[in-house]
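> Here it is, the structure in full.
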Amino acid sequence: MKVETIQLEKFSYDNKIVRNFAVATIIWGIVGMLVGVIIATQLFEPAANITQYGSFGRIRPLHTNAVIFAFVGNAIFAGVYYSLQRLLKARIFSGFLSKFHFWGWQTIIVLAAITLPLGITTSKEYAELEWPIDLLITLVWVAFGINMFGTIVKRRERHLYVAIWFYIATFITVAVLHLVNSFELPISFFKSYMVYAGVQDALVQWWYGHNAVAFFLTTPYLGMMYYFLPKMANRPVYSYRLSILHFWALIFIYIWAGPHHLLYSTLPDWAQSLGVVFSIMLIAPSWGGMINGLLTLRGAWDQVRENTILKFMVVALTGYGLATFEGPMLSLKNINAIAHFTDWVVAHVHVGALAWNGFMTFAILYWLIPRMFNTSIFSEKLVKIHFWIGTVGIAFYAIPMYISGFTQGMMWKQFTPEGTLQYGNFLDTTLQLIPMHQMRALGGTLYLIGAIIMGYNLFKTMFQGHLTENEAVEAAPLQNLEEQEVKALHWHSWLERRPFQLLVASLIAILIGSLVELIPTFMVKSNVPTISSVQPYTPLELEGRDIYIREGCVSCHSQLVRPFRSETERYGEFSKSGEYVYDHPFLWGSKRTGPDLQREGGKYPHSWHFNHMMDPSSMSPGSIMPSYPWLFEQNLNTSKTQDKISAMKTLGVPYDAYQIKNAVKELNTQAREIQAKLAEEKIKISPDKEIIAVIAYLQRLGTDIKKDQ
Amino acid sequence: MEIIYILISISFLLALSFLAAFIWSVKSGQQNDLVTPAMRILMEDSKPISEKINFKYESRNDTIRKV
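Chains as they are written, first to last, in my numbering: chain E, 925 to 1633; chain R, 27 to 93.
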């Protein structure tokens, strides 16, 4: 009698790395939400802008980066490292890479927290970090990829569960997005210019921005939903078939939807329509995931009544359903015309962020930590309190913001029977929203309190339990001749035996190669002005623009007049793509907390801007804009001016050798002219202050096109 | 708008790589069973080794015997 024995292999799961990422999630989550509450307060109480390092424009990106990359990012890594090992029945590939990944990611977060308040930023939304940090992100992301694919290669389970497909798509797409949107030409260690300009930069940015939502906030969370929800409810997912179907549909459609962020902009119409069509289609695969999640709980709703973790999941999935219904609707041009640039979009993203990402993260943490620490949750009651306070917080956040967005969108468009703008003063619309902004801050505070309660509860849980750093398990190895041979082979031989993986790998290699080759060449050639009167910025204006970028003015002021009568009446001629050819980076913005500035040049005298920047309420009573006293004290740093002009020339902006050589001289001459004009209006200021450069830039904005008329 | 050609090519290549992955997943039998994977993940919980049940596979009469 011949008995074949399958030897079970003994190994262990690495729980320590999961614990580390989970702890980081809790801490950064609280920090990120706290910054959120601060900036929410600044929008009705300008006095909350404390020093230049705490002004809205500088810390708004700190909030978005902290919640997206620090809170959600660490949560993704915790969830992936936990589920990947178990789904593949293998310990994570490399302990060293795990450590490098963890500490590398935390370093990036700390660097972001230091550089953003200092005003070191590229100004591109969700990609604000400067080039050295971009390089570090690339390294860490690659480490994560090797760790994930390494684990997949040495797996003991042949079938790749749907969650893993979601993780793979996340890794690949985020890598490509990050590479393409980080093409910067460094001027110094802390400053670079985007290789792309104007409308091209806008398209790359929103191709990136939209897919960051898709592949950083959505696909990894869907993957985690497919692992953790069945585990939490102890029942299989409603339809595995649907999960596979909606996965492939989702990733194929998502990458084309970016242009819906640029409707009515100067982007060619066909590209806008392409974005709209794919955005509408997205509702099907998105709802596929939401329905699959909710139906997993069919027949288990009694559990939901008892189990707070499942309650979190139900709110998360409902939020996902709402946000993914609203997304396609907001992509319709007629709805977008009202909603774009208003709080409506802020409400939309926060339904997704607070419910889908936030609540699922909370559910996973509550489920994971007691398990890894061999204990039960410290206080079930606090979990319940967290759930209710968080849910009320979401409602208090979203509802006022919807009202606010709709109100503002309609007020901008309102005409009197005589045919003039009903609210010709932009400030009227801002003041109307103040009560809504106060309620939003209250909602955010409730949500933050919930997160702090969770932090307390989970740390107590960790202290009362004991972490199983290495969880011992046994599993049968993959019984396959091929697989057994592979172990002895070099990784590349493994790849060669799989033609499709090889194809994918070569595609990626080709992609990166051609990008590096093509993009700079293309971009330099494309900077041919189509409007003859549009000229490059003078050195002083360019420096002023860099201060505008540093202070994050783009957070509240757009530079894009849409072709509506309500906008041309209010701001002036609508924007043309030819006006932006020298804008590295573009500064169209995505939100009008204040008015559009595209046609600001020449509207007011220098003295108006001077007084307005010193104390906005002196020129616009009730204004919520912070004041910028430091611009009047700090001297303009001209040590890099020449390098900047020279870098712009490299990027195709037509400066000549004489202009580069005399950049600082030219800058000083213009500064003295502005000083003289201010002196005529009885304002004394030294010409080397930063405010002079800001005035120069603001007065130049959108004026070139008028020279033609 | 030269960038749009680059972005479309990149998106297209990305979609192509997804397609390749999809074809691989079908060809390699990843999608053959669309029912049990959902159940399987619920049964993988690790228990202390002592409580583990070892299975021996006997090829002669295809029975699983508890050791």
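Note that beta-carbon positions come from the ideal geometry of N, C-alpha and C, so glycine has one too.
It should be emphasised that the depicted structure is a prediction, and the values quoted were computed from it without experimental measurement.
#1: Please decide whether M65 of chain R counts as near chain C, where near means a Cβ-Cβ distance under 7 Å.
#2: Excluding sequence positions up to five away, which residues of its chain have a Cβ less than 7 Å from the Cβ of G1074 of chain E?
#3: Identify every run of the alpha helix (DSSP H) within the segment 1340-1411 of chain E, keeping only runs that are complete inside it and at least 4 residues long; order them along the chain.
#4: Under 7 Å, Cβ to Cβ, is there at least one residue of chain R near H1083 of chain E?
#5: Going by DSSP, name the residue or residues bridged to Y937 of chain E.
#6: Which term fits D1628 of chain E, buried or exposed, when burial requires 16 or more other beta carbons within 10 angstroms of its beta carbon?
#7: Here's a check: name, in chain order, each residue in its chain whose Cβ is nearer than 7 Å to the Cβ of Y1085 of chain E, leaving out the five neighbours to either side.
#8: I'd like to know whether the C-beta atoms of S1531 of chain E and E1605 of chain E end up nearer to each other than 7 Å.
#9: Using 7 Å as the threshold, is the C-beta distance between P1209 of chain E and L1174 of chain E below it?
#10: As a quick exercise: from E:A1126, E:G1243 and E:S1167, pick the residue whose alpha carbon is nearest that of A1195 of chain E.
#11: Would you kindly report the start and end of the unbroken alpha helix (DSSP H) that includes K53 of chain R?
#12: Can you name the residues that DSSP bridges to S1112 of chain E?
#13: When the Cα of Q1332 of chain E is compared with those of E:N1349, E:P1341, E:G1317 and E:A1319, which residue comes out closest?
#14: When you compare the CB of P1540 of chain E with every CB in chain R, is at least one pair closer than 7 Å?
#15: Taking Cβ positions, are F1114 of chain E and E1054 of chain E nearer each other than 7 Å?
#16: If we cut at 7 Å on Cβ distances, does I1313 of chain E have a partner in chain R?
#17: Could you check what DSSP says for G1314 of chain E in three-state terms: helix, strand or coil?
#18: For W1280 of chain E and chain R, any beta-carbon pair shorter than 7 Å?
#19: Quick one: does W1697 of chain E have its CB under 7 Å from some CB of chain R?
#20: Between which two residues does the alpha helix (DSSP H) holding M1253 of chain E run?
#21: Would you mind working out which of E:I1207, E:L1278 and E:S1255 sits nearest A1240 of chain E, comparing C-alpha positions?
#22: Keeping to the same chain, check which residues put their C-beta closer than 8 Å to that of M27 of chain R; ignore five residues upstream and five downstream.
#23: Does the distance from the CB of G1379 of chain E to the CB of I954 of chain E come in under 7 Å?
#24: Per the DSSP calculation, I1175 of chain E is bridged to which residue(s)?
#25: If distances are taken between C-alpha atoms only, which option among E:S1563, E:R1516 and E:F1339 comes closest to R1489 of chain E?
#26: Does I49 of chain R pass the burial test, meaning 16 or more other C-beta atoms within 10 Å, or should it be called exposed?
#27: Kindly indicate if chain E contains any beta-carbon less than 7 Å away from that of F38 of chain R.
#28: Out of E:E933, E:N973, E:L932 and E:T988, which has the shortest C-alpha to C-alpha gap to W952 of chain E?
#29: Run down chain R in chain order and give the residues with a C-beta less than 7 Å from the C-beta of R1165 of chain E.
#30: Any beta carbon from chain R within less than 7 Å of Q1338 of chain E's own beta carbon?
#31: Quick one: which residues of the segment 1100-1122 of chain E get their C-beta closer than 7 Å to a C-beta of chain R? List them in chain order.
#32: Whole angstroms are fine: how far does the CA of L1256 of chain E sit from the CA of E1409 of chain E?
#33: I want to verify the contact list: residues of chain E whose CB lies under 9 Å from the CB of M27 of chain R, in sequence order.
#34: Tell whether a beta-carbon distance below 7 Å holds between P1401 of chain E and M1363 of chain E.
#35: What are the start and end residues of each continuous alpha helix (DSSP H) run of 4 or more residues lying completely inside the segment 974-1039 of chain E, in chain order?
#36: Measure the CB-CB distance between Y1164 of chain E and L60 of chain R and report whether it falls below 7 Å.
From the atom records:
#1: Absence of chain C from the displayed structure is noted, the protein chains being E and R.
#2: F1017 and S1018
#3: Qualifying alpha helix (DSSP H) stretches, in chain order: 1350-1356 and 1358-1388.
#4: yes
#5: E:E1395
#6: If you draw a 10 Å sphere on the C-beta of D1628 of chain E, you find 16 or more other C-beta atoms in it, and that means buried.
#7: L1011
#8: yes
#9: yes
#10: Residue E:A1126 is the option with its Cα nearest to A1195 of chain E.
#11: E28 to K53
#12: E:K1115
#13: E:N1349 is the residue among E:N1349, E:P1341, E:G1317 and E:A1319 whose C-alpha sits nearest the C-alpha of Q1332 of chain E.
#14: no
#15: yes
#16: no
#17: helix
#18: no
#19: Since the first residue shown for chain E is 925 and the last is 1633, residue 1697 of chain E is missing from the structure and cannot be characterised.
#20: T1232 to L1254
#21: E:L1278
#22: none
#23: yes
#24: Answer is none; I1175 of chain E lacks a bridge partner.
#25: When only C-alpha atoms are compared, the closest one is E:F1339.
#26: So I49 of chain R ends up on the exposed side.
#27: For F38 of chain R, not one C-beta of chain E is nearer than 7 Å to its own C-beta.
#28: E:T988
#29: L60
#30: no
#31: Here the close residues are V1100, V1104 and Y1120.
#32: Note on E1409 of chain E: pLDDT 49, under 50, position unreliable in the model; no value is reported.
#33: For M27 of chain R, the C-beta contacts it makes with chain E under 9 Å involve V1123, Q1124, L1127, L1191, P1192, A1195, S1450 and S1501, in order along the chain.
#34: no
#35: 980-989, 997-1012 and 1019-1039
#36: Contact: yes.
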